[in-house]
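Numbering-wise (the numbering used here), the sequence shown opens with residue 1063 and increments by one.
Every residue gets a Cβ at the ideal spot worked out from N, C-alpha and C, and that includes glycine.
Encoded as structure tokens, the structure appears first; notes follow it.
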Amino acid sequence: MKAAVKKFLAFAGGLLVLLIAIVLLRTVFVTGGGSEVSGDRADAPPPLKIEDPLAAAKRLSGAIRFRTISIENAPTRAAEFAGLHRYLKETFPLTHRALERTVIAEHSLLYTWRGSAPESAGLKPIMILAHQDVVPVGLDQEWTHPPFSGTIADGFIWGRGTIDMKATLVANFEAIEALLKEGFVPERTIYLGLGHDEEKTGIHGAGSIAQYFRERDVRFDFIQDEGLIIADGLIPGMTRPVALVGIAQKGEGSLELSVLGESGHSSMPPPRTTVGILSTALSRIEANPMPASIEGPGQSMFESLLSEMGFVNRMIFANLWLFRPVVNSIMQQKPQTNAAVRTTLAVTMMRGSNKDNILPARAVAVVNMRIHPRDSIAGVIEHIKRVIDDERVQIRVMEGAQEPSRVSPVASKRFAMYRRSIHQVFPDIASAPGLFIAIADSRHFKDLSENIYRFQPVLMTSEDLPRIHGVNERVSLDGYVRFIQFYAQLIRNGGQADNSP
Ligand SMILES: [Zn+2]
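And the structure:
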């Protein structure tokens, strides 16, 4: 008997030593993908030289003056969009001579830059998306400079839509104009898709552009859209800024939960009213969130950043096979990180009777869901049914619900090219894939490419984030130059037949 115990202890001890050895070996030798994609290769084209940054800033400023505001349920401001279209034509004459321009859904624009490779080469084109519309501004007086003045002051271009997303829109024209001047011709065909209603679902603009390609059976090598940014001081444990490229987008939609009952006077109520029954269901949903786990895009992010981390963080993230439960519980502590690791459910609306002394014949609540790429709308409904466990509660998916996107592969030549393009323009930052928890126009293109990258080449701190859709939106002059350089680099590198040099 004693011998058996001894044998067991020796075995267990050996196992523990092995475990520690694996953890340490992985900490030291698993470096993630971070270091493979440095931008300073000898054969890399240097970033585009911007001759006159102030002149470029002024051209952006001109585009900001058009009040292409999207307001839910309001008609499109046709004259403002027409004005912007005219302005682009006048400001970028070479582009308008060399590229085909197609108007889609009245206010959206599609530009085609034909590639030099023969059609028979079967090269898929690339698509760059940027929306023309902006959100409303609230009170003008709160702005340091009037939101549609496009004022250039203190090293910044100020105005609604600078970041979201006229900088991208105009920077692409700047990049194309400059590349045309150089005599550059892409091998792949490059499309520029400029929707007009992204801020109210994009269904008419980007939706119609996507449909145009669906009908012509065109698929894209990759699609570039807005999304994540270069996070400066936003990722715990990271000293350098990190360019985060959204390789997936959460699904979004709402569920209506309702309970039917008897109407009547509240002087003789049943033990439970429809509102009471529904409330119980809602509190069960809140008490039983969907499972959280760091996997997919979130895991890829940390794995890419291993070489950037200190020893302890590196030990943890290189050994998620062991430490996943610890990481999961840390991620759940803050709403921002919690949203990255699970499908979130938020009870946003509730309605019962509309008089204080009348029993509610029908109680209705709305639960907004943001669906992690590993889940689905059906999966959310199944989860809710199980946790509320009450047949009286009816569940209906409200109109407009969207499944999460696919996850674009990171182990691909294309993604390496994409990250290299970032590093060629921003040599001193790190980069990593990530999960985009908001939504943008690329939602309409989910079936048109395996590779959708959601990223804007702009450095942001926690102080800058509220400016998007908020007050004093702005982009720095230097930052704007990088916008132009990044899109030029993406067109040069991504437009090549072989994405990997
Ligand atoms: Zn946007």
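Coarse secondary structure for residue i, derived from DSSP in three states
{"i": "residue 1498", "result": "strand"}
{"i": "residue 1203", "result": "helix"}
{"i": "residue 1517", "result": "strand"}
{"i": "residue 1354", "result": "coil"}
{"i": "residue 1273", "result": "helix"}
{"i": "residue 1432", "result": "strand"}
{"i": "residue 1096", "result": "In this prediction, residue 1096 scores a pLDDT of 48, lower than 50, which makes its location untrustworthy; the coordinate-derived value is nonetheless stated afterwards. If DSSP states are grouped into helix, strand and coil, residue 1096 belongs with the helices."}
{"i": "residue 1459", "result": "strand"}
{"i": "residue 1552", "result": "helix"}
{"i": "residue 1486", "result": "helix"}
{"i": "residue 1563", "result": "Low per-residue confidence applies at residue 1563: pLDDT is 46, beneath 50, and the placement is therefore not dependable, though the value from the model is reported in the following sentence. In this structure, residue 1563 counts as coil in the three-state DSSP scheme."}
{"i": "residue 1530", "result": "coil"}
{"i": "residue 1439", "result": "helix"}
{"i": "residue 1541", "result": "helix"}
{"i": "residue 1369", "result": "helix"}
{"i": "residue 1465", "result": "coil"}
{"i": "residue 1522", "result": "strand"}
{"i": "residue 1189", "result": "strand"}
{"i": "residue 1194", "result": "coil"}
{"i": "residue 1287", "result": "strand"}
{"i": "residue 1265", "result": "coil"}
{"i": "residue 1481", "result": "helix"}
{"i": "residue 1374", "result": "helix"}
{"i": "residue 1491", "result": "coil"}
{"i": "residue 1453", "result": "coil"}
{"i": "residue 1476", "result": "helix"}
{"i": "residue 1329", "result": "coil"}
Nearest to residue i (by Cα), restricted to the options the options
{"i": "residue 1438", "options": "1221, 1316, 1274, 1198", "result": "1316"}
{"i": "residue 1542", "options": "1108, 1117, 1084", "result": "1117"}
{"i": "residue 1143", "options": "1179, 1548, 1259", "result": "1259"}
{"i": "residue 1446", "options": "1158, 1345, 1237, 1367", "result": "1345"}
{"i": "residue 1268", "options": "1275, 1257, 1261", "result": "1257"}
{"i": "residue 1465", "options": "1499, 1169, 1354, 1372", "result": "1499"}
{"i": "residue 1540", "options": "1214, 1157, 1158, 1162", "result": "1214"}
{"i": "residue 1046", "options": "1519, 1544, 1079, 1247", "result": "Outside the shown range of the chain (1063 to 1563) lies residue 1046, about which nothing can therefore be said."}
{"i": "residue 1557", "options": "1195, 1157, 1175", "result": "1175"}
{"i": "residue 1537", "options": "1084, 1230, 1456", "result": "1230"}
{"i": "residue 1434", "options": "1351, 1515, 1378", "result": "1351"}
{"i": "residue 1177", "options": "1171, 1168, 1170, 1187", "result": "1187"}
{"i": "residue 1337", "options": "1421, 1394, 1366", "result": "1421"}
{"i": "residue 1408", "options": "1467, 1415, 1417, 1397", "result": "1397"}
{"i": "residue 1525", "options": "1295, 1481, 1372, 1383", "result": "1295"}
For residue i, the first and last residue of its enclosing alpha helix (DSSP H)
{"i": "residue 1347", "result": "1336 to 1349"}
{"i": "residue 1411", "result": "No alpha helix (DSSP H) contains residue 1411, which is instead part of the beta strand (DSSP E) from 1406 to 1413."}
{"i": "residue 1538", "result": "Per DSSP, residue 1538 belongs to no alpha helix (DSSP H); it is in the beta strand (DSSP E), 1536 to 1538."}
{"i": "residue 1081", "result": "1064 to 1091"}
{"i": "residue 1361", "result": "1359 to 1366"}
Cβ neighbour criterion (16 or more within 10 Å) applied to residue i
{"i": "residue 1285", "result": "buried"}
{"i": "residue 1486", "result": "buried"}
{"i": "residue 1297", "result": "buried"}
{"i": "residue 1066", "result": "exposed"}
{"i": "residue 1489", "result": "exposed"}
{"i": "residue 1228", "result": "buried"}
{"i": "residue 1070", "result": "exposed"}
{"i": "residue 1239", "result": "buried"}
{"i": "residue 1473", "result": "exposed"}
{"i": "residue 1419", "result": "exposed"}
{"i": "residue 1292", "result": "buried"}
{"i": "residue 1325", "result": "exposed"}
{"i": "residue 1112", "result": "buried"}
{"i": "residue 1410", "result": "exposed"}
{"i": "residue 1077", "result": "exposed"}
{"i": "residue 1364", "result": "buried"}
{"i": "residue 1171", "result": "buried"}
{"i": "residue 1313", "result": "buried"}
{"i": "residue 1164", "result": "exposed"}
For residue i, the first and last residue of its enclosing beta strand (DSSP E)
{"i": "residue 1307", "result": "1304 to 1311"}
{"i": "residue 1507", "result": "Note, residue 1507: premise wrong, no beta strand (DSSP E); not H, not E."}
{"i": "residue 1395", "result": "Looking at the DSSP string, residue 1395 is not in any beta strand (DSSP E), and its letter there is neither H nor E."}
{"i": "residue 1254", "result": "1252 to 1256"}
Residue i: CB within 6 Å of a non-hydrogen atom of ligand 3
{"i": "residue 1287", "result": "Of the ligands one can find in the structure shown, namely ligand 1, none is ligand 3."}
Restricting to runs no shorter than 3 residues, where is the beta strand (DSSP E) found entirely within the segment 1211 to 1250? Qualifying beta strand (DSSP E) stretches, in chain order: 1218 to 1220.
Which complete beta strand (DSSP E) runs does the segment 1103 to 1183 hold, if anything under 3 residues is left out? 1162 to 1166, 1170 to 1175
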